[in-house]
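Participant:
Chains as they are written, first to last, in this note's numbering: chain A, 3 to 96; chain B, -9 to 238.
Pasting the structure below:
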C-alpha cells in the first residue's frame, strides 16, 4: 500500500488515504468496536465489523458522495471486505 | 440483466412444474388452514379479486408485488386474498414466487418441502452478498419471463406496527430497475386486530387489503437509482397506510 494511485478532484489519493476514508465512512455503522480497532484490508464488513447488511447500501452510497463516483449494483456485490471497497473505489477513480 | 445458467433455469422449471402438480392438493389445504382453522376473513374479497383480475387484463407487463410487512403469514394471506386457491390452479404463473428467510422454515423437512412446492426461493438475510445476488438474479429472470414474485420492500417486519419509511430493502429497487417494463404492485394488508408485528395474525382476524400499481421513476443512476425506487415504494405504502387509518 502507499503508492500514488489516483487523483480525485485534482488531489492525489493514495491507497492508504482511500483506506482511511473508507474506515471513516464505515465507522458509524460498526457494531463490533474491537474489530474496528484492528481493521485492515482483510476485515469483512458484515461478518467482522457486524455492520447490518441493509446498511451496507448506505455505506456504498456514502462512497459515491465522498469519492464522487457511481457504483452499480453488480459492482457492490463484490464488496465483502474493506479491501474490496478500497479496490472498487480505486477502480472507479481510475 | 445476467442470463441464468441452464441448470438454474432447469431447476426453476422443475420446481414450478412439480409445484403445479402439487397444487391439486394444496388448493384444498390452504383455504382450510386460513379460513377454517385460523378463521381469517378478507373484507370485500370478491371486489378485491375482481379488481386484481381486471388489473392483470389491462397490462401484460411484469410486476413485483410489494406489500407492507407485519406477520410471517402476510405473503400467504395476500396471495389467497388476491387470487383464491382455485384460481391459481388455472393461472399458476400468477402464484407469486416468495423469498422467505431460510432460517424461518428450514429446521424441519415438511416445511422445507412445503416451501419448495409453493414457489419459494429461500434467502438468508444478511448472508453472503454473492448468495443474495444469486437470488436476486433468479427473481429478475422469473419476472422477465412473465411470472410474478412477492418481496417485502421493508427490511423486515415492522416493529412499530406501521410502515417504516426509513427501513428500505434495496433488493426491490434493484430488481425493478433491471427488469424492463417491470412495475410494482404496492399492497397494504392489515388485520383489524393487528396492533404491531407478530408471528401470525390473531385467529379470527378480518383483513383489509388495498393495492395499487405504480411505476417508480428516478433521475439517478446505479445503486442510487435502485435505492430511490425502493424508497418510492415504501413511501407509497406509508401513504396507503395513512389512507387506511383515515378511513377507519
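Don't be surprised by glycine CBs; every beta carbon is placed ideally from N, CA and C. Since we're looking at a predicted model, the values are computed, not measured.
Which residues in chain B have a C-beta closer than 7 angstroms to the C-beta of residue 72 of chain A? List them in chain order.
Facilitator: Within the first chain, residue 72 of chain A is the residue found at index 70, counting from 1. Chain B residues near residue 72 of chain A: 211 and 212.
Participant: Measure the Cβ-Cβ separation of residue 74 of chain A and residue 212 of chain B and say whether it is below 8 angstroms.
Facilitator: Indexing the first chain from 1 puts residue 74 of chain A at position 72. Indexing the second chain from 1 puts residue 212 of chain B at position 222. Cβ distance < 8 angstroms, so residue 74 of chain A and residue 212 of chain B count as in contact.
Participant: Please determine, among B:218, B:214, B:178 and B:227, the residue with the shortest C-alpha to C-alpha distance to residue 33 of chain B.
Facilitator: Along the second chain, read from residue 1 onward, the residue named residue 33 of chain B stands at position 43. It is B:178 whose Cα lies nearest to the Cα of residue 33 of chain B.
Participant: Which of helix, strand or coil does DSSP assign to residue 323 of chain B?
Facilitator: Summary: the structure shown does not reach residue 323 of chain B, with chain B confined to residues -9 through 238, and so no result is reported for it.
Participant: Which residues, taken in chain order from the stretch 106 to 137 of chain B, show a beta carbon closer than 9 angstroms to some beta carbon of chain A?
Facilitator: Going along the stretch 106 to 137 of chain B in chain order, one finds 115, 116, 117, 118, 119, 120, 122, 123 and 126 with a Cβ nearer than 9 angstroms to chain A.
Participant: Return the residue from the list A:77, A:80, A:37 and A:62 that minimises the CA-CA distance to residue 24 of chain A.
Facilitator: Numbered from its first residue, the first chain carries residue 24 of chain A at position 22. Of A:77, A:80, A:37 and A:62, the residue nearest in Cα terms is A:62.
Participant: To the nearest angstrom, report how far apart residue 80 of chain B and residue 152 of chain B are at their CA atoms.
Facilitator: Taking the second chain and counting its residues from 1, one reaches residue 80 of chain B at position 90. Taking the second chain and counting its residues from 1, one reaches residue 152 of chain B at position 162. In a straight line, the C-alpha of residue 80 of chain B is about 35 angstroms away from that of residue 152 of chain B.
Participant: Using a Cβ cut-off of 7 angstroms, pull out every chain A residue sitting near residue 192 of chain B, in sequence order please.
Facilitator: As a first step, residue 192 of chain B is located in the second chain; it is residue number 202 there, counting from the start. Within 7 angstroms Cβ-Cβ: nothing; residue 192 of chain B doesn't reach chain A, min ~29 angstroms.
Participant: State the DSSP-derived secondary structure class of residue 219 of chain B, mapped to helix, strand or coil.
Facilitator: The sequence position of residue 219 of chain B within the second chain is 229, counting from 1. Helix, per DSSP.
Participant: For residue 70 of chain B, count neighbouring C-beta atoms within 10 Å of its own C-beta (all shown protein chains included) and say buried if the count is 16 or more, exposed if not.
Facilitator: The count along the second chain starts at 1 and reaches residue 70 of chain B at position 80. With 16 or more other Cβ atoms within 10 Å, it is buried.
Participant: Does the beta-carbon distance from residue 175 of chain B to residue 20 of chain B come in below 8 angstroms?
Facilitator: Here residue 175 of chain B refers to the residue found at position 185 when the second chain is read from its first residue. Here residue 20 of chain B refers to the residue found at position 30 when the second chain is read from its first residue. The answer is no: Cβ separation not under 8 angstroms.
Participant: For the alpha helix (DSSP H) holding residue 92 of chain A, just list the boundary residues, first then last.
Facilitator: Translated into the one-based positions of the first chain, residue 92 of chain A becomes position 90. Where residue 92 of chain A is concerned, the enclosing alpha helix (DSSP H) stretches over 84 to 95.
Participant: Within 10 Å of its beta-carbon, does residue 40 of chain B have 16 or more other beta-carbons around it, so buried, or fewer, so exposed?
Facilitator: Taking the first residue of the second chain as position 1, residue 40 of chain B is located at position 50. Residue 40 of chain B comes out exposed.
Participant: From the DSSP output, in three-state form, read off residue 197 of chain B for me.
Facilitator: Here residue 197 of chain B is taken as the residue at index 207 of the second chain, counted from 1. Strand.
Participant: According to DSSP, is residue 23 of chain B helix, strand or coil?
Facilitator: The sequence position of residue 23 of chain B within the second chain is 33, counting from 1. Helix, per DSSP.
Participant: Could I get the ranges of all uninterrupted beta strand (DSSP E) runs contained in the stretch 33 to 62 of chain B, with 3 residues as the minimum, in chain order?
Facilitator: Listed in chain order, the complete beta strand (DSSP E) runs (minimum 3 residues) inside the stretch 33 to 62 of chain B are 53 to 57.
Participant: To which residues of the same chain is residue 182 of chain B closer than 7 angstroms at the C-beta, ignoring the five residues directly before and after it?
Facilitator: What you label residue 182 of chain B is simply residue 192 of the second chain in a count that begins at 1. Counting only Cβ-Cβ distances below 7 angstroms, and skipping sequence neighbours, we find 195 and 196.
Participant: Please tell me whether residue 0 of chain B has its Cβ less than 8 angstroms away from any Cβ of chain A.
Facilitator: Within the second chain, residue 0 of chain B is the residue found at index 10, counting from 1. No, because no Cβ of chain A sits closer than 8 angstroms to the Cβ of residue 0 of chain B.
Participant: Going by DSSP in three states, residue 174 of chain B sits in which element: helix, strand or coil?
Facilitator: Residue 174 of chain B sits at position 184 when you count from the first residue of the second chain. Note: residue 174 of chain B maps to strand in three-state DSSP.
Participant: Just the C-alpha distance for residue 190 of chain B and residue 35 of chain B, rounded to the nearest angstrom, thanks.
Facilitator: As a first step, residue 190 of chain B must be located in the second chain, where it is residue number 200. As a first step, residue 35 of chain B must be located in the second chain, where it is residue number 45. Answer to the nearest angstrom: the Cα atoms are 20 angstroms apart.
Participant: Exposed or buried, what is residue 217 of chain B when buried is set at 16 or more other beta-carbons lying within 10 Å of its beta-carbon?
Facilitator: Here the question's residue 217 of chain B lines up with position 227 in the second chain. Buried.
Participant: According to DSSP, is residue 113 of chain B part of a helix, a strand, or is it coil?
Facilitator: Taking the second chain and counting its residues from 1, the one referred to as residue 113 of chain B is at position 123. It is a strand residue.
Participant: Return helix, strand or coil for residue 135 of chain B, following the three-state DSSP convention.
Facilitator: Residue mapping note: residue 135 of chain B aligns to position 145 of the second chain, counting from 1. Note: residue 135 of chain B maps to coil in three-state DSSP.
Participant: Between residue 50 of chain A and chain B, is the shortest Cβ-Cβ distance under 8 angstroms, so that the two count as touching?
Facilitator: Along the first chain, one-based indexing puts residue 50 of chain A at 48. Chain B contact via Cβ: absent.
Participant: Can you tell me whether residue 103 of chain B is buried or exposed? The criterion is at least 16 other CB atoms within 10 Å of its CB, across all chains shown.
Facilitator: Taking the first residue of the second chain as position 1, residue 103 of chain B is located at position 113. With fewer than 16 Cβ atoms within 10 Å of its Cβ, residue 103 of chain B is classed as exposed.
Participant: Compare the beta carbon distance of residue 148 of chain B and residue 60 of chain B with 8 angstroms and say whether it is the shorter of the two.
Facilitator: Sequence index remark: in the second chain, residue 148 of chain B carries index 158 (1-based). Sequence index remark: in the second chain, residue 60 of chain B carries index 70 (1-based). Contact: yes.
Participant: Sorted by chain position, which residues of the same chain lie with C-beta nearer than 7 angstroms to residue 13 of chain B's C-beta, five sequence neighbours on each side aside?
Facilitator: Residue 13 of chain B sits at position 23 when you count from the first residue of the second chain. So the qualifying residues of the chain are 78, 79 and 82.
Participant: Is there a Cβ from chain B that is less than 8 angstroms from the Cβ of residue 62 of chain A?
Facilitator: One-based indexing of the first chain puts residue 62 of chain A at position 60. Yes, contact with chain B.
Participant: If the cut is a Cβ gap below 7 angstroms, which residues of chain B does residue 34 of chain A touch?
Facilitator: Within the first chain, the letter at position 32 stands for residue 34 of chain A. None at all; the shortest Cβ gap to chain B is about 14 angstroms.
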